[in-house]
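Written below as structure tokens is the structure these notes are about.
There are 2 protein chains.
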Amino acid sequence: MASYQAPLRDMRFVLNEVFKAGEEWASMPGTTEVTPDLAEAILEEGARVTRAELFPLNQSGDAEGCHFAAGKVTTPKGFKEALRTLADGGWFGLGGNPEFDGQDLPKMLTVAFEEMLYATNASFALYPALNTGAALLLDHHATDAIKRTYLPRMYAGDWLGSMCLTEPHCGTDLGLIKTRAVPIDGDSGYAITGSKIWITGGEHDMVDNIVHLVLAKLPDAPAGTRGISLFLVPKRRVDASGELGEANGVVCGGLEHKMGIKGSATCVMHFEQAQGVLIGEPHQGLATMFTMMNYERLSIGIQGLGLGEVAYQSALDFARERLQSRAPQGAVAPDKPADPILVHPDVRRMALNVRAWNEGGRAFAAYVGSQLDRAKFHPDAEMRTDAEALVALLTPIAKAFLTDRGFDATVEAQQLYGGNGYCVEWGAEQYVRDARIAMIYEGTNGIQAMDLVGRKLYKNAGAHVARFAAVVREDLGSQAPVGLEDFHGACQRELARLEEVTAWLLDRAQQSPEELGAAAVDYLNLFGYVAYAWMWWKMARAAQAGLDASGAAGESFYRAKLAVGRHFLARMLPRSEALARQIEAGAEPLMALPEDAFYPRG
Amino acid sequence: MASYQAPLRDMRFVLNEVFKAGEEWASMPGTTEVTPDLAEAILEEGARVTRAELFPLNQSGDAEGCHFAAGKVTTPKGFKEALRTLADGGWFGLGGNPEFDGQDLPKMLTVAFEEMLYATNASFALYPALNTGAALLLDHHATDAIKRTYLPRMYAGDWLGSMCLTEPHCGTDLGLIKTRAVPIDGDSGYAITGSKIWITGGEHDMVDNIVHLVLAKLPDAPAGTRGISLFLVPKRRVDASGELGEANGVVCGGLEHKMGIKGSATCVMHFEQAQGVLIGEPHQGLATMFTMMNYERLSIGIQGLGLGEVAYQSALDFARERLQSRAPQGAVAPDKPADPILVHPDVRRMALNVRAWNEGGRAFAAYVGSQLDRAKFHPDAEMRTDAEALVALLTPIAKAFLTDRGFDATVEAQQLYGGNGYCVEWGAEQYVRDARIAMIYEGTNGIQAMDLVGRKLYKNAGAHVARFAAVVREDLGSQAPVGLEDFHGACQRELARLEEVTAWLLDRAQQSPEELGAAAVDYLNLFGYVAYAWMWWKMARAAQAGLDASGAAGESFYRAKLAVGRHFLARMLPRSEALARQIEAGAEPLMALPEDAFYPRG
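Line order of the protein sequences matches chains D and R. Each residue of the first sequence is one higher than the one before, counting from 0 in numbering that gives the first Met the number 0. Each residue of the second sequence is one higher than the one before, counting from 0 in numbering that gives the first Met the number 0.
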């Protein structure tokens with residue numbers, strides 16, 4: 000059966016030993032109050048509350064799903080109560096602005112809690128994830144009056160946010176949207192009319208109001224993405240005193256029937272002369288929305304991580320009990336009819352693959368979180384700018400690589416069960432279905448890759464990548480610590496490979512714009528491998544330090560960390576070389592086939 | 000929406016141009032009657048009947064599923080009628096023994112029909128697939144009296160076969176089974192008692208009788224897999240004249256709830272003093288069962304292929320209509336609001352990946368089919384033995400590599416839809432769910448890999464692999480035809496890599512039995528890449544010949560074939576190098592972690 004305890008020891012290791020979070024937080028004025036004790040309390044209570052409230056609703060929520068009738072959406076049994084418990088516990092405003100009752104905690108810490116949310120109940124997790132992103136956007140771009148009205152309620156989970164971008168004819172290409180916003184005479188507001196699809200939490204029964212952030216076009220909007228504006232459109236109108244008023248022209252038209260995340264209400268939303276308020280500047284809606292989208296992209300990456308972790312733990316629980324055949328070296332449990340399957344090298348290979356993805360991803364998510372914190376809290380403007388550049392560069396990788404690997408992890412974990420993995424009762428197949436969406440929504444992983452090679456690489460002529468390489472190289476130092484030569488050498492080698500491929504690609508892209516698109520996904524994956532090789536170097540160094548300092552007490556944890564890292568080096572990292580070769584094959588093989596030859600028939 | 004037409008042009012290409020099926024069949028006494036015209040008629044009518052009868056039931060069958068009540072299983076609406084139509088059309092006895100009304104057609108031809116079955120309705124396809132395997136087993140191992148009674152009914156689809164191996168505590172390790180067979184006093188039969196799980200088509204409402212092939216232990220059975228015997232246990236007893244008698248002690252205890260193939264009844268079966276007949280020798284049941292299992296393994300490989308093909312065609316249909324953004328070189332459809340997504344290099348990459356898997360797999364399945372035909376029909380005993388060895392070697396690869404790549408294909412095709420791919424109505428997500436099981440059942444792909452490195456490689460000290468290499472090398476010749484140097488060179492290089500890795504592994508395995516298990520899955524995948532590189536060489540050569548001979552008529556087909564092949568060489572085949580490096584990392588990284596360290600908690 001599904002089994003999960005938040006990996007607190009590993010989270011502490013990442014925070015305290017790999018990234019020295021205590022020192023980091025003490026060094027920035029905005030985070031000095033975040034002591035290691037406070038962080039520990041949040042991790043422990045977060046682990047408790049998600050396990051107690053959300054995990055028991057995961058399989059039942061999948062079986063029941065959301066239901067739609069007469070414009071109303073009913074979430075699965077227990078969701079509403081669990082939401083209330085978490086919201087009342089203060090878990091919805093962790094990173095929020097303290098001026099409006101947020102807790103202003105560092106992202107490096109809250110990513111760990113997000114992982115617990117997704118691991119225990121990915122469908123449920125999406126409601127607070129969207130809400131947090133929406134609140135972040137309002138905090139950045141809304142007027143003080145709006146913030147005062149909305150943010151305390153959103154941090155309290157009394158109202159929840161949603162993000163309304165996609166329309167039936169356009170998902171990726173938002174320049175094509177048809178939703179219109181017309182100024183209302185004698186009012187500062189707008190009347191919004193149009194239909195949106197795939198709106199997570201667009202309508203449901205858990206809170207009194209839903210705060211829709213809606214992309215629409217003003218009457219004078221230029222064509223394409225430069226003509227999009229962003230509006231706050233509440234489900235129920237809010238009067239000047241902040242009290243709930245009458246229903247706004249916002250109607251749910253139905254739910255999608257999906258492969259997974261069935262407890263998440265994915266809505267068709269119709270806006271019919273709904274009253275909205277402009278957020279940010281006219282025609283700058285897409286840029287404004289990116290405040291939320293970048294937040295969600297990291298969050299969705301963590302969906303991959305959380306599902307990979309719960310899939311690992313559940314599969315290992317199965318593996319411990321399941322007896323099949325004998326170890327290749329002879330029986331290890333001669334008193335039993337067969338040995339536990341973990342004696343088999345190939346079962347270990349699968350388990351180690353999953354674990355190495357998870358632990359690499361956990362460190363990487365924390366690293367991106369730490370850079371978000373620097374960008375927000377660091378007193379030195381140059382440090383903030385540097386951190387922002389790294390975040391910009393790494394966000395598409397965090398979204399796509401963590402979700403691709405998270406999906407791989409759930410598939411590999413499912414394989415470990417044999418036939419049981421395909422049967423619903425064990426829960427493994429749900430993790431695969433729930434993880435699959437993370438590669439698609441919030442910008443498909445192909446779109447993330449285009450963002451990486453386009454905006455984050457080509458547009459600045461590789462400056463962000465060069466900065467990343469400098470950071471890694473400084474971290475590596477010139478001399479490998481004794482005993483860690485393999486981690487150090489692998490990271491150096493992979494970084495050099497990335498730099499070579501980057502230079503090649505920048506050069507090639509001058510010749511043809513098709514080269515960027517042709518390389519994009521393989522380049523993102525290559526970058527992901529390099530980033531994880533760096534994370535494994537950092538973790539190996541911290542594990543070695545722990546081993547040197549701990550004596551027998553923590554020994555098994557640190558030795559395991561090094562062993563998992565060496566599995567990564569030996570049996571996963573070699574794939575980067577293939578990616579480099581695939582990239583260097585260039586666009587020509589992709590473009591050679593005429594379009595009509597893609598449809599062979601008869 | 001889902002879209003499929005059997006890829007007849009490509010099937011003809013594989014049969015007639017790549018493998019010269021007409022010459023092959025004309026050269027063997029048992030197949031001389033199979034003319035190209037007959038083959039063509041079977042392909043065309045097979046394409047028609049599967050598309051008309053099975054494809055419309057695919058999504059409805061998934062939505063409805065099978066239902067269990069009071070010991071009875073109801074299959075989805077339309078399945079029973081479709082089964083009757085196909086059976087009456089003679090489609091269930093295609094490869095059967097002509098002495099008992101089978102049609103004795105070559106496997107190289109029938110694999111194409113199997114692909115159509117799986118592509119149009121994977122759930123449905125399993126009923127005839129199990130039946131054909133069961134009939135094959137009886138034809139090899141049963142007495143003439145039993146064959147006379149059962150085979151004509153099974154070929155006619157009046158009765159269907161099932162395969163009863165797994166028990167709750169053992170799937171892979173069949174030595175642990177507890178089902179018992181006790182001789183019945185004064186009778187040649189046995190009373191079978193025990194429970195089996197995951198029995199595809201174990202009970203359903205489509206036919207009058209179900210022919211269970213059941214593994215059980217005789218009272219004097221030695222422990223382990225050497226103590227298993229095989230019994231024919233009909234759902235309803237059959238009297239001496241072959242007429243249906245009373246119910247046997249065979250009871251369905253329920254259905255599994257599964258991730259996919261929901262139209263396939265996966266049953267818990269209880270045998271309660273059920274009367275059975277021993278098939279084959281006592282205690283040789285597993286060897287006897289392998290006649291069926293080897294058949295099913297190739298068949299399940301084709302499940303991966305069929306689902307990859309229908310996923311490709313459906314995704315391309317979507318891609319043709321979907322307009323998003325502009326081509327990197329500038330608008331190609333300036334009159335439309337955006338360009339069709341196939342202008343984007345990364346969309347092409349996904350489509351070409353899927354197509355290259357499918358076309359490589361189609362050729363490989365035909366090749367294995369051709370060797371099965373030689374093993375059965377060739378007049379020269381040495382040729383038969385040679386072919387048998389190749390079939391033994393390639394069967395685990397056909398099962399595992401085709402299903403792994405089939406799953407990859409369905410996932411990549413789903414990605415091509417963006418968010419629509421996750422919504423049930425489009426059908427793409429069903430293909431992913433239906434393909435996932437193929438990596439698990441019929442021996443997990445890990446077990447296939449163990450079979451490959453154990454029985455098929457190590458046990459004969461690499462003789463089968465050496466034979467395979469000799470066949471490939473002879474086919475390649477020393478000189479590459481002008482214009483095909485890339486295909487020729489890649490195949491030579493990959494074959495050399497496989498030989499090197501094989502020699503390394505045979506040597507390593509002497510030192511520790513763990514090395515085989517550690518290498519198994521990566522070795523199977525490496526072998527798969529090499530086999531596909533060979534298939535692409537063969538296809539490229541045939542395409543070039545077609546191009547030279549055809550003039551303008553077939554030009555676009557052949558040019559497309561070469562382009563897809565070059566995509567395979569440039570952007571997929573590089574992965575083989577990573578696999579080789581991963582294998583050569585050896586068992587140590589997998590075995591380093593102590594068992595208890597796999598369970599990090601708290």
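In this text, a Cβ means the ideal position worked out from N, Cα and C, and glycines have one as well. Everything numeric in this text was worked out from a predicted model, so none of it was measured.
{"query": "Along chain D, in chain order, which residues have C-beta atoms closer than 8 Å to that of Ala562(R)?", "result": "Pro588, Ala591, Leu592 and Ala596"}
{"query": "Using a Cβ cut-off of 7 Å, pull out every chain R residue sitting near Thr171(D), in sequence order please.", "result": "Gln323, Ser324 and Gly417"}
{"query": "If you measure from the beta carbon of Gly601(R) to each beta carbon in chain D, is any gap under 9 Å?", "result": "The predicted model places Gly601(R) with a pLDDT of 45, which falls under 50 and marks its position as unreliable; any figure quoted below should be read in that light. Closer than 9 Å: yes."}
{"query": "State the DSSP-derived secondary structure class of His66(D), mapped to helix, strand or coil.", "result": "strand"}
{"query": "Assign Glu295(R) to one of two classes, buried (16 or more other C-beta atoms within 10 Å of its C-beta) or exposed (fewer than that).", "result": "buried"}
{"query": "Which residue's Cα is closest to the Cα of Ser511(R): Ser26(D), Tyr126(D), Ala326(D) and Glu202(D)?", "result": "Ala326(D)"}
{"query": "Do Ser324(R) and Pro593(D) count as a contact pair if the criterion is CB distance below 9 Å?", "result": "no"}
{"query": "Residues of the segment 321-352 of chain D with a CB closer than 7 Å to any CB of chain R: list them in chain order, please.", "result": "Gln323, Ser324, Pro327, Gln328, Pro336, Ala337, Leu341, His343, Pro344, Asp345, Arg347, Arg348, Ala350 and Leu351"}
{"query": "So, is Glu358(R) buried or exposed, given that buried needs 16 or more other C-beta atoms within 10 angstroms?", "result": "buried"}
{"query": "When you compare only the Cα positions, how much space is there between Leu650(D) and Gly200(D)?", "result": "Residue 650(D) lies beyond the residue range present for chain D, which begins at 0 and ends at 601; the question has no answer from this structure."}
{"query": "Return the residue from the list Ala517(R), Leu231(R) and His566(R) that minimises the CA-CA distance to Ala273(R).", "result": "Leu231(R)"}
{"query": "For Asp36(D), does the three-state DSSP call read helix, strand or coil?", "result": "helix"}
{"query": "Is the segment 153-171 of chain R close to the segment 88-102 of chain R, with three or more CB pairs under 8 Å?", "result": "yes"}
{"query": "Quick one: what's got a C-beta closer than 7 Å to Gly279(D)'s C-beta in the same chain, skipping five residues either side?", "result": "His140, Leu229 and Thr287"}
{"query": "Identify the residues that DSSP records as bridge partners of Gly10(R): which are they?", "result": "At residue 10(R) the sequence reads Met, which differs from the Gly that was named. In the DSSP output, where bridge partners are listed per residue, Met10(R) has none listed."}
{"query": "Can the beta-carbon of Thr443(R) be found less than 9 Å from the beta-carbon of Gln4(D)?", "result": "no"}
{"query": "For Gly244(R), which three-state DSSP category applies?", "result": "strand"}
{"query": "Measure the C-alpha to C-alpha separation of Val390(D) and Ala552(R) and round it to an integer number of angstroms.", "result": "54 Å"}
{"query": "If the cut is a Cβ gap below 7 Å, which residues of chain R does Ser555(D) touch?", "result": "Ala596"}
{"query": "For a test of the three-state rule: what should DSSP assign to His139(R), helix, strand or coil?", "result": "helix"}
{"query": "Per DSSP, what kind of secondary structure is Met0(D) in: helix, strand or coil?", "result": "coil"}
{"query": "For Gly303(R), which three-state DSSP category applies?", "result": "helix"}
{"query": "Since I believe Thr74(D) is in contact with His203(D) (beta carbons under 8 Å), could you give me their beta-carbon distance rounded to a whole number of angstroms?", "result": "5 Å"}
{"query": "Below 8 Å on C-beta distance, what does Trp197(R) contact in chain D?", "result": "Gly418"}
{"query": "Assign Glu271(R) to buried or exposed, taking buried as 16 or more other Cβ atoms, counted over all protein chains shown, within 10 Å of its Cβ.", "result": "exposed"}
{"query": "At least one CB of chain D closer than 9 Å to the CB of Tyr440(R): is that the case?", "result": "yes"}
{"query": "Where Val423(D) and His377(R) are concerned, what is the direct C-alpha to C-alpha distance, given to the nearest angstrom?", "result": "46 Å"}
{"query": "Does the beta-carbon distance from Ala519(R) to Asp407(D) come in below 9 Å?", "result": "no"}
{"query": "Considering Cα atoms alone, identify which of Gly160(D), Lys195(D), Ser161(D) and Tyr189(D) is closest to Leu175(D).", "result": "Lys195(D)"}
{"query": "Please classify Ser298(R) as buried or exposed, where buried requires at least 16 neighbouring CB atoms within 10 angstroms.", "result": "buried"}
{"query": "Just the chain R side, please: which residues come within less than 7 Å of Pro512(D) by C-beta, in chain order?", "result": "Pro327 and Gln328"}
{"query": "When DSSP labels each residue in this structure, what does Gln210(D) get in the three-state scheme?", "result": "A quick correction: the sequence has Val, not Gln, at residue 210(D). Residue state, collapsed to three classes: strand."}
{"query": "Comparing the C-beta of Gly45(D) with each C-beta of chain R, is any distance below 9 Å?", "result": "no"}
{"query": "Given a threshold of 16 other Cβ atoms within 10 Å of its Cβ, counted over all protein chains shown, does Val452(R) qualify as buried or as exposed?", "result": "buried"}
{"query": "Nearest to Val464(D) by alpha carbon, out of Ala530(D), Glu411(D) and Val481(D)?", "result": "Ala530(D)"}
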